[in-house]
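Here the structure is laid out as structure tokens; the discussion comes afterwards.
Protein chains: 2
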Amino acid sequence: MSGSIRSLPTTPAPPEPVREVVLRAAAALLATDSGASLAEIAAAAGVGRTTVHRVFPTRGDLLTALALEAVERLTSALAAARLDDGPATDVLARVVEEVLPLSDELAFLDSGPEVWDLPQMRDAWWSVTASLDTLVQRGQLEGDIRGDIPAEVVVEAFTGILLGVWNGVRDGRVAPATATRHVVTLTLASVAPPTRQV
Amino acid sequence: MSGSIRSLPTTPAPPEPVREVVLRAAAALLATDSGASLAEIAAAAGVGRTTVHRVFPTRGDLLTALALEAVERLTSALAAARLDDGPATDVLARVVEEVLPLSDELAFLDSGPEVWDLPQMRDAWWSVTASLDTLVQRGQLEGDIRGDIPAEVVVEAFTGILLGVWNGVRDGRVAPATATRHVVTLTLASVAPPTRQV
DNA sequence: CCCAGGTGGAACACTTGTGTTCCAATACGT
DNA sequence: ACGTATTGGAACACAAGTGTTCCACCTGGG
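Chains as they are written, first to last, in this note's numbering: chain A, 829 to 1026; chain B, 829 to 1026.
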């Protein structure tokens, strides 16, 4: 229990709790009100507006930090799904299981055009869809995914189901506990080859 | 050809082209830049900002008019799909065929939180999903739609596929000509009962 | 105890968009 | 050709948000 080592090199201590507090408050606030002002964010974080400006000199800096964080979470979620490992349909199921739990952290992304104006965000999303395109194409070659529909369309439908049900959860129309299972079921049903069905 | 009747009662003449011009310009501009200012909209419409204010006293009035128009188009599209007429799966296909062509007119809805803040918009969308819920429930009772997934989830997945592919068309990832067919195919595959497949 | 660092608040200038008023110019019908 | 109505533009006040500066506080370590 006692700290025999003065400081861990990766986590020397809580060095800047302020930054994290502000990021959390911003993510939470922007999820419901995409136009929240810095004053509101600062108030929600329990710090002064001046302090926010000390950590993030401009609003764009805050949004960028938030976007980068979201990108990183999404990227590691896809990595955790092991896109190249096993049948593509199994991978799709894993993607759902990895990405859906991020709903709360990524909720601020849906209603904020400001965030998507960032080139990093555009690039990151393009990278995500490209990875999924490759995955679906592999599935089509291996016969696990229907080949009568272009991979890009299949990917859009997949992300559409994911986002649609996720919106349903946010609106209280869909039970969170069953969301993952239903998304997987519907996805696999839609992408299965038409001849050889489950 | 010659106008023997001085004016048709339904269309006495182009009474206010200005209003329509502004609405079209606003819809087009807000589709790509949800925060477009009234000055930009006026310039895009080819009229003075003062004129815009004459037709729509406040920005909210413009947005409301735009939202009401969108609601009306969506509602009549659903009416044209005859929700109570025939097997639910056929109806879903008709809904896709009726709604997808509205992409351009309704494109301004996706990136603008301002529009969705209007209670009329919320109510209208709730009405749309409620209609679809009823449709899917009927399909489940009649055995055309899988019953192992709640109707609300099926509806979210359906709208998700629709919006996802529609986004793909906007991004140039999906060919517009085949979008409707693919959406119908993927939708019917996902909602079909698991036991008795196509 | 004193001092340094970080913090919060007040005040300021600046920008952007909105809504309003007024006036000149133009187009339209008579 | 004239008078009227509508338009576009300039100017204004107003509000909200942002970024900056300065200062008081208070907190913890030497």
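Even glycine gets a Cβ: it sits at the ideal position worked out from N, Cα and C. For clarity, every value in this text was computed on a predicted model and none was experimentally measured.
Under 9 Å between beta-carbons, which chain B residues line up against residue i? List them in chain order, please.
i, result
"proline 941(A)", "Asp861, Ser862, Gly863, Ser939, Gly940, Pro941"
"glycine 975(A)", "Those do not exist, as glycine 975(A) stays about 12 Å from chain B at its closest Cβ, beyond 9 Å."
Just the chain B side, please: which residues come within less than 7 Å of residue i by C-beta, in chain order?
i, result
"serine 1018(A)", "Leu1014, Ala1017, Ser1018"
"glutamate 980(A)", "Gly996, Arg1001, Val1002"
"alanine 985(A)", "Ile989, Gly992, Val993, Leu1014"
Out of curiosity, what's the CA-to-CA distance linking residue i and residue j?
i, j, result
"threonine 970(A)", "serine 1018(A)", "Residue 970(A) is actually glutamate in this sequence, not threonine. Distance between the alpha carbons of glutamate 970(A) and serine 1018(A) is about 17 Å."
"leucine 960(A)", "alanine 1020(B)", "25 Å"
"aspartate 945(A)", "valine 846(B)", "32 Å"
"valine 1011(A)", "valine 883(B)", "46 Å"
"aspartate 889(B)", "threonine 1015(B)", "37 Å"
"arginine 966(B)", "arginine 910(B)", "14 Å"
"arginine 834(B)", "glycine 914(B)", "Unreliable placement is indicated for arginine 834(B), whose pLDDT of 42 sits below 50; the coordinate value is still reported in the next sentence. Using only the alpha carbons, I get a separation of about 44 Å."
"leucine 991(B)", "arginine 852(B)", "22 Å"
"valine 1026(B)", "glycine 988(B)", "Low local confidence applies: a pLDDT of 48 at valine 1026(B) is under 50, so the model's placement there is unreliable, and no value is given."
"glutamate 848(B)", "glutamine 968(A)", "47 Å"
"glycine 996(B)", "proline 947(B)", "29 Å"
"leucine 963(A)", "arginine 950(A)", "20 Å"
"aspartate 912(A)", "glutamate 984(B)", "29 Å"
"aspartate 918(A)", "valine 956(A)", "18 Å"
"alanine 1007(B)", "valine 993(B)", "7 Å"
"threonine 838(A)", "valine 1002(B)", "Low per-residue confidence applies at threonine 838(A): pLDDT is 43, beneath 50, and the placement is therefore not dependable, though the value from the model is reported in the following sentence. Each residue's Cα considered, the two are about 45 Å apart."
"valine 875(B)", "alanine 855(B)", "15 Å"
"valine 850(B)", "aspartate 938(B)", "19 Å"
"serine 865(A)", "leucine 857(A)", "10 Å"
"alanine 921(A)", "alanine 859(A)", "26 Å"
"alanine 1005(A)", "valine 924(A)", "13 Å"
Along the chain, where does the alpha helix (DSSP H) containing residue i start, and where does it finish?
i, result
"isoleucine 977(B)", "Looking at the DSSP string, isoleucine 977(B) is not in any alpha helix (DSSP H), and its letter there is neither H nor E."
"leucine 891(B)", "887–908"
"leucine 857(B)", "845–860"
"arginine 922(B)", "916–927"
"proline 947(B)", "947–969"
"leucine 934(A)", "931–934"
"threonine 1023(A)", "Neither: threonine 1023(A) is in no alpha helix (DSSP H) and is coded neither H nor E."
"leucine 866(B)", "866–873"
"valine 880(B)", "877–883"
"valine 1096(A)", "The question about residue 1096(A) has no answer here: the residues shown for chain A are numbered 829 through 1026."
Residues of chain A with a CB under 7 Å from the CB of residue i: which are they?
i, result
"valine 924(B)", "Neighbours of valine 924(B) on chain A: none; closest Cβ ~12 Å, over 7 Å."
"histidine 1010(B)", "Ile977, Val981"
Give me the chain B residues within the contact set of residue i, using Cβ-Cβ distance strictly less than 8 Å, ordered along the chain.
i, result
"leucine 991(A)", "Gly988, Leu991, Gly992"
What whole-angstrom Cβ distance do residue i and residue j have, given they're in contact under 8 Å?
i, j, result
"alanine 867(B)", "arginine 877(B)", "5 Å"
"alanine 935(B)", "arginine 998(B)", "7 Å"
"alanine 872(A)", "valine 880(A)", "No, alanine 872(A) and valine 880(A) are not in contact; Cβ-Cβ is about 11 Å, not under 8 Å."
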